Amino acid sequence: MRWFAWCVHGFTASGVVLGLLALLAVEQGDWQVVFGWLLLALVIDAVDGPIARLIRIKTVLPRFDGSTLDLLVDYLTFVIVPALVLCHSTILPEPLRIAGAAAILVTALHHYCNLDIKTEDGYFVGFPAFWNIAVFYLYRFPVSPTVAAAIVAVLCVLTCVPIKVVHPLRVKKFRVFSFAFLALWLVVGGFALLRPDLNGNWLLVPNLVPLAYFTLISIRRTLAGVDIEHADHVAANPQNA
1 MRWFAWCVHG FTASGVVLGL LALLAVEQGD WQVVFGWLLL ALVIDAVDGP
51 IARLIRIKTV LPRFDGSTLD LLVDYLTFVI VPALVLCHST ILPEPLRIAG
101 AAAILVTALH HYCNLDIKTE DGYFVGFPAF WNIAVFYLYR FPVSPTVAAA
151 IVAVLCVLTC VPIKVVHPLR VKKFRVFSFA FLALWLVVGG FALLRPDLNG
201 NWLLVPNLVP LAYFTLISIR RTLAGVDIEH ADHVAANPQN A
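Using full-length UniProt numbering, you'd call the opening residue of the sequence shown number 1 and step up by one each time.
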């Protein structure tokens, strides 16, 4: 079992190689290739955690911190690469490119260093530095550079604000729907990436549907202010509260 556990950690670590390939593509200005590598890294990030928990990897390899490994890989592929894309592309106004990238790098550190980054029911606290996704949307479905700068600024602020953001694989409530919408996003997002020649407008709606679903679930949890599943359980079983 130990050898398999090391293989799982190696699978997670392969994300840094994809991050390196994405960085090389940034130098070439090949944004389609950049986001292709980032999409593969995102798939690895979605799969490795459930596998690690399934084999109880912390018990098998107690002296190797897979959580730290995951955070290091994520900071490269979720934050550093997208920040460089903003520096070298025309998504943001030229005077704001370095400032926008710097804001992403700094606020993301707050996310990764916050010990209370997840609630007991599996939601993220604050925007979870999904800059790989945010910058992909700004690239594939472009808006004016000024609007893009405003979006980046809002997301940077939300990183440090205690809103609740659904984790598609960790939140038990609506998990089936969340997984389905995540799969839908991967499919339509991948299609939008593979066909840059197609007009982005008709691809926008199927890409926004999963985003709208996750946003609504997140708003619901944020407004509730408590662990919804626990509250529902208490309401149904007041004698056990």
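Backbone N, C-alpha and C fix where the C-beta goes; we use that ideal spot for every residue, glycine too. Quantities reported herein were computed from a predicted structural model and do not represent experimental measurements.
Identity of the residue in the options nearest residue i by Cα
i	options	result
residue 67	209, 93, 12	12
residue 7	33, 198, 64	64
residue 141	183, 104, 197	197
residue 127	70, 156, 95, 219	156
residue 74	98, 178, 44, 97	44
residue 90	206, 145, 195, 175	145
residue 221	187, 176, 208, 122	122
residue 163	37, 124, 47, 40	124
Simplified DSSP assignment, three categories, for residue i
i	result
residue 165	strand
residue 233	For residue 233, the predicted structure reports a pLDDT of 44, less than 50, and the residue's modelled location is therefore unreliable. The matter cannot be settled from this model.
residue 172	coil
residue 187	helix
residue 156	helix
residue 144	coil
residue 21	helix
residue 2	helix
residue 129	coil
residue 225	coil
residue 9	helix
residue 92	coil
residue 14	helix
residue 194	helix
residue 36	helix
Bridge partner(s) assigned by DSSP for residue i
i	result
residue 118	124
Integer Cβ distance of residue i from residue j, believed to fall under 8 Å
i	j	result
residue 87	residue 103	Between residue 103 and residue 87 the Cβ distance is about 12 Å, and since that is not below 8 Å, they are no contact.
residue 18	residue 107	With 8 Å as the limit, residue 18 and residue 107 do not qualify as a contact, their Cβ atoms being about 23 Å apart.
residue 169	residue 50	7 Å
Please list the segments of the alpha helix (DSSP H) lying wholly inside the stretch 46–79, counting only runs of 4 or more residues, in order along the chain.
Taking only runs of at least 4 residues, the alpha helix (DSSP H) segments lying wholly in the stretch 46–79 are 57–60, 66–74.
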